[in-house]
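*Asks:* Let me give you the structure first, and then I'll get to my questions.
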Amino acid sequence: MQATAAAFLARPLPRLRRIGGRVADGGLVRGGLVALPPRLRAPRCSMSLSIGAGAGAGGDREFSYGCRGMEQGIMHVGARDIVRKHVPVFPRYRMRDPYKLLGVDRDASEEEIRSARNFLIQQYAGHEPSEEAIEGAYEKIIMKSYQQRKKTKINLKTKLKKKVEESPSWVKALLGYFEVPPMDIISRRLFFFAFIAGWSIATSAENGPAFQLAISLFSCIYFLNDKMKNLLRASTTGFGVLVGGWIMGSLLVPLIPTFLIPPTWSLELLTSLVAYVFLFLGCTFLK
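Start counting at 1 in the sequence shown, then tack on 468, and there's your number in the working numbering.
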């Protein structure tokens, strides 16, 4: 075999014949050099790297790799196409159960569900099917929780209404004198009477709460008249609420242990605090 190889290498190279500016095998003769025909040329490849003006932490980098082959075609491969193939895919994005997809328990709080959703979105950002599956599971759980709360409120109102309907007639007649106003009205009146009570406590060492009681009574009458549209009835109701609160306070205050009462608080002040509570309840919940 070695002898055969040596004999092959020792053979002289064939001479190229000029035929009208072309050699016998189709190549062109240029300055004593033989140029191969296009179909016999080796592919030529090139690589270029371009960096945008914002290069650095947020810059735009991209390179392209091109090859001119036998068919004179060019193939370009972008860095973004290569990176896109390595985007992490959420392995559970095809699950139908939203709780299993997010990896949370069925009794998890909304804060835990939201934290799981944010974590998964950050981990699998860039893969659109994964992001859509995570967002869809989160929305399903939140909507289900909202519907359950709404259903519970409706059931509670239905049960209370049923209890009232099944109650004796005198209970129905008594409940007919009361109503539940909006929360903004309740909060404003609660703040007003709490301010009156604090004012009475702050000035208890100087004088009694007579002035504050008078303001509370007139305010209660004003609020009742706004609902009843009858000043005489509102005045009678407000005065009756004040008297009832004062009597109830005079009965309850002596039952309070003395070590729970600050030494500067008098019996009159404690009774007036109970009266403020009755005035608040009367002007807010009475019809």
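All C-beta atoms, glycine included, are put in the ideal place defined by N, C-alpha and C.
I'd like to know if Q591 contacts chain B, where contact means its C-beta is closer than 8 angstroms to some C-beta of that chain.
*Replies:* Reference to chain B is not applicable here, since this structure consists of a single protein chain.
*Asks:* Do E578 and S613 count as a contact pair if the criterion is CB distance below 8 angstroms?
*Replies:* Cβ atoms of S613 and E578: closer than 8 angstroms.
*Asks:* Can you name, in chain order, every residue of its own chain whose Cβ lies under 8 angstroms from the Cβ of V742, other than the five neighbours on each side?
*Replies:* Cβ within range, chain order: G713, W714, M716, G717, L720 and V721.
*Asks:* Can you list, in chain order, the residues of its chain whose CB lies under 8 angstroms from that of T793, leaving out five sequence neighbours each side?
*Replies:* Residue 793 lies beyond the residue range present for the chain, which begins at 469 and ends at 755; the question has no answer from this structure.
*Asks:* Using 8 angstroms as the cut-off, can you tell me whether the region 672 to 680 makes contact with the region 696 to 703, which would need three or more C-beta pairs spanning the two stretches below that distance?
*Replies:* Because the criterion of three Cβ pairs below 8 angstroms is not met, the region 672 to 680 and the region 696 to 703 do not touch.
*Asks:* Assign F646 to one of three DSSP states: helix, strand, or coil.
*Replies:* The answer is strand: DSSP assigns F646 an E or B state.
*Asks:* Rounded to a whole number of angstroms, what is the C-alpha to C-alpha distance between A665 and I724?
*Replies:* Using only the alpha carbons, I get a separation of about 18 angstroms.
*Asks:* Could you name the residues of the same chain whose beta carbon sits closer than 6 angstroms to that of F659, not counting the 5 residues immediately before and after it, in chain order?
*Replies:* There are no such residues.
*Asks:* Looking only at its chain, what residues have a beta carbon closer than 7 angstroms to the beta carbon of L735, apart from the 5 residues adjacent to it on each side?
*Replies:* Hits under 7 angstroms: V721.
*Asks:* In whole angstroms, what is the alpha-carbon distance linking W667 and G750?
*Replies:* C-alpha separation (whole angstroms): 21 angstroms.
*Asks:* When the distance is taken between beta carbons, is F558 closer than 8 angstroms to A593?
*Replies:* The answer is no: Cβ separation not under 8 angstroms.
*Asks:* Look at the Cβ atom of K568, then the Cβ atom of R560, and state whether they are nearer than 8 angstroms.
*Replies:* Going by C-beta atoms, K568 is nearer than 8 angstroms to R560.
*Asks:* Under the DSSP definition of a beta bridge, which residues are partnered with L754?
*Replies:* According to DSSP, which records beta bridges pairwise, L754 is partnered with F646.
*Asks:* Which residue's Cα is closest to the Cα of F679: L737, F587 and P556?
*Replies:* Comparing Cα-Cα distances from F679 to each of L737, F587 and P556, the minimum goes to L737.
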